[in-house]
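Protein chains in written order, with the working numbering: chain A, 296 to 754; chain B, 39 to 114; chain C, 39 to 114; chain D, 39 to 114; chain E, 39 to 114; chain F, 39 to 114; chain G, 39 to 114.
Structure (structure tokens):
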């Protein structure tokens, strides 16, 4: 051993390290991914053991702490999720500053927490659980159950001292719609490590009771708090329940696996209570409205039929009266037509009679006039002509006789001194008998001389 | 010679006949001297008689035809 | 010439026939002067008779068809 | 002209037929003047007869059809 | 005119048919004057018959429709 | 008019159909006067039948709504 | 109306469904007056059936009831 070794007190070394770290890292921070292996809270400060593993072997370890004030700020930013994020087994993304304390050694001071890595990890687990449930045929079992229309008997699983539990009961029993429920309570811790077992047991227990539904409630909590309901054991128990399970695990964003496999899930315990009494209420009101509708429509139908009826009756009366009236009118019209036709007929005949009479008279008068103008004048004129002709002819004949008479009359010769002599009334000249002694008559103009022939002297 | 008178009832035709008979006798000179004057007289009488008859008939016909006025040419 | 009177019962057609007979006789000169006037008279009578018949018939017809008033132009 | 009387039992149609027969005869002048007036008379009688028949029928019809009061405009 | 009687068993429609037949005959003037009055009489009888039928039917219907009281506004 | 009876097994709709058929016939005047009264009688029977059916049904429904007391406004 | 009885095993939502089916039938007027009363009656039975269930007081759920039995599927 040589004395030229520089020997430092530990404190000096540590101070030197402290100084070195401070000088080199005081203004720097690092985002670090690690798994929390242990988490302790003391006086509001959080003390974490961080580790990193590779292929199942731990390759790094480090302690870290988060001071009370920082924790409060970050927790507030994360809506209180930080409590559940800081849990052994969770992977976390932390903003850290390297610090060295002469007594406590090297530590990481947590300045901020990014929850996404942690949540992602939870989602991954959730997915795996769902996948497993599906593979095992458990995932849809609840959905195949029958939820009665009226739920009256309820198995309630939850932590009796929590507000969610109390909210559920109070909403169920003091609403204005329907309160005729019976609740069998199955208390179970719903937070922390014991929750899984207790919830599973409660569900199993409830199977032995004649209830309509199992209600699983939890009065809200951080995302990491609710992560217990992503547990396979609980999900499996819910899925295998013969009784429909309705969950009311207070959360605002994502569903947990318990919600998904359950028959039905509501956001909050209060919502489950509402769901239950409203179901009864809706049922009742549907019943009521259905019946009301039946009555209303039935009476409406009757009313309508009665109206229709009255109309039909009225039409019956109306049309009957119309028919009768029409027929009466027809009778009147027929009488009218009859009278008109009869009068037409009579007038026709009157006209015809006048026509006939006129014709008869005209024919007769024409006949008379024809006779007058032709039959009488011609013969009468002929008679006149013939009469005159006859007279004329006779005149001529008479005149002829007269002239002949004048010519033949010997008196003029006698007047001139000639005489006529006859014997035995024969002209002397023509007389051939014995003249001598014959008596000769001689006519003169004024005398008839009778003499006896004395001698005849031939000339 | 006694006055010869014709029977007023003598008809025109008979008169004419008698006249014509006389004329015929005259023509044939079958009248005796004794009768001659009277026959001629008779014939004259007959002629007059006939003429009168004709005149009377004509007048009568005219009267019949134109009963009142003669200026009426056409009685119808 | 004795007054000729027609049988009042004589019919128009008979009268007309008689008239035409007279015409025929005249035409055939089968009528003597002695008959002539009477025939013409007869003819006249017949014509008058016929005319009267016609007038009477006409009047009668008119009376029949216009029984009361004659001032009524159209009785029907 | 003797008074012609129609058989009161004569039917209108028969009367009309007779009337038309008379008109036909007159039209064809198949009638004598002596018959003429009586035919026209007959025609007139027939017409009168027919008219009376018509009037009687009309009256009868009026009685039949309007036995009620006529002041009733609307019998129904 | 002889008293015409309708068959009491006559139906309204038959009566109406007969009635219309009479009106048709009259309108087509296929009826003689001698038949006219009796046809009109017949028609009147048919009309009366029909009217009685109508009245009886109406009364019957009224009885059916308003069996007891007539003050009932709604007959059925 | 012979007594018409409805089949007691007649359904309301059939009765209504029959009734409406009668009304239709009446409207179209396809009913003779001879049938009228019996058709109206039938209609009346159908009307009564239907009305009774309706009244009975209404009463029944009212009984269902208010089983015992009528002062119970709300049946539930 | 014959007495209608509900199947005692009827479920409440089936009862409601039946009721609503009746409503639908009525709304669509696929119902005759003849069926109406019985349908209303049926509706009433269904309603009463459900109402009784809603209003009945359940016994306390404090005992374990045959966890194996098959009637566990049907809680009512």
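Glycine residues also receive a C-beta, built at the ideal position from the N, C-alpha and C atoms. Just so it is clear, the structure is predicted and the values come from calculations on it, not from any experiment.
Secondary structure at residue i, three-state DSSP: helix, strand or coil?
i	result
residue 754 (chain A)	coil
residue 45 (chain F)	coil
residue 486 (chain A)	coil
residue 402 (chain A)	strand
residue 86 (chain F)	helix
residue 542 (chain A)	strand
residue 264 (chain A)	This structure cannot speak to residue 264 (chain A), because chain A is shown only from 296 to 754.
residue 536 (chain A)	coil
residue 690 (chain A)	helix
residue 512 (chain A)	strand
residue 74 (chain E)	helix
residue 558 (chain A)	coil
residue 68 (chain E)	coil
residue 313 (chain A)	helix
residue 382 (chain A)	coil
residue 108 (chain D)	Any answer about residue 108 (chain D) is weak, because its pLDDT of 43 lies below 50 and its placement is not dependable; what the coordinates show is given next. Correct three-state label for residue 108 (chain D): coil.
residue 348 (chain A)	strand
residue 51 (chain B)	helix
residue 504 (chain A)	strand
residue 61 (chain D)	helix
residue 93 (chain F)	helix
residue 56 (chain F)	helix
residue 354 (chain A)	strand
Output needed for residue i: all residues of its chain with C-beta closer than 8 Å, excluding positions within five of it in sequence on either side, in chain order.
i	result
residue 487 (chain A)	523
residue 574 (chain A)	444, 445 and 446
residue 77 (chain E)	60, 63, 64 and 69
Spell out the partners DSSP gives residue i in its beta bridges.
i	result
residue 334 (chain A)	A:343
residue 715 (chain A)	A:738
residue 329 (chain A)	A:387
residue 285 (chain A)	Missing from the structure shown is residue 285 (chain A); chain A here goes from 296 to 754 and no further.
residue 600 (chain A)	Bridge partners of residue 600 (chain A): none, in fact.
residue 395 (chain A)	A:401
residue 747 (chain A)	A:734
residue 755 (chain A)	Lying before the first or after the last residue shown, residue 755 (chain A) is absent from chain A, which here runs from 296 to 754.
residue 409 (chain A)	A:388
residue 721 (chain A)	A:718
Could you work out which residue in the options is closest to residue i when comparing CA atoms only?
i	options	result
residue 69 (chain F)	E:51, E:80 and E:56	E:51
residue 438 (chain A)	A:538, A:460 and A:528	A:538
residue 80 (chain D)	D:103, D:60 and D:55	D:60
residue 673 (chain A)	C:62, C:73 and C:103	C:62
residue 512 (chain A)	A:710, A:494, A:647 and A:432	A:494
residue 67 (chain F)	A:615, A:644 and A:668	A:615
residue 608 (chain A)	F:96, F:57 and F:76	F:57
residue 572 (chain A)	A:536, A:443, A:691 and A:364	A:443
residue 337 (chain A)	A:436, A:366, A:355 and A:317	A:366
residue 675 (chain A)	C:46, C:49, C:64 and C:45	C:64
residue 328 (chain A)	A:344, A:426 and A:314	A:344
residue 711 (chain A)	A:722, A:725 and A:740	A:740
Here's a check: name, in chain order, each residue in its chain whose Cβ is nearer than 6 Å to the Cβ of residue i, leaving out the five neighbours to either side.
i	result
residue 733 (chain A)	718 and 748
residue 54 (chain B)	88
residue 542 (chain A)	511, 553, 554, 557 and 560
residue 405 (chain A)	359, 361, 389 and 391
residue 43 (chain C)	none
residue 480 (chain A)	451
Compute every distance between the C-beta of residue i and the non-hydrogen atoms of the ligand COA, then say whether any falls below 7 Å.
i	result
residue 360 (chain A)	Because no ligand of any kind appears in the structure shown, any question about the ligand COA cannot be addressed here.
Give me, in chain order, the residues of the same chain whose beta-carbon lies closer than 7 Å to that of residue i; leave out the 5 immediate sequence neighbours on both sides.
i	result
residue 107 (chain G)	Low local confidence applies: a pLDDT of 44 at residue 107 (chain G) is under 50, so the model's placement there is unreliable, with the coordinate-based value given in what follows. Correct list: empty, nothing qualifies.
Does the contact criterion of 3 or more C-beta pairs under 8 Å hold for the region 650 to 669 of chain A versus the region 80 to 100 of chain D? yes
Below 8 Å, can you find three or more Cβ-Cβ pairs linking the region 406 to 417 of chain A to the region 463 to 480 of chain A? no
Are at least three pairs of beta-carbons, each pair with one atom in the region 603 to 621 of chain A and one in the region 90 to 105 of chain E, less than 8 Å apart? yes
Validate contact between the region 663 to 679 of chain A and the region 89 to 100 of chain D using beta carbons, cut 8 Å, 3 pairs: no
Are three or more beta carbon pairs between the region 448 to 467 of chain A and the region 491 to 510 of chain A nearer than 8 Å? yes
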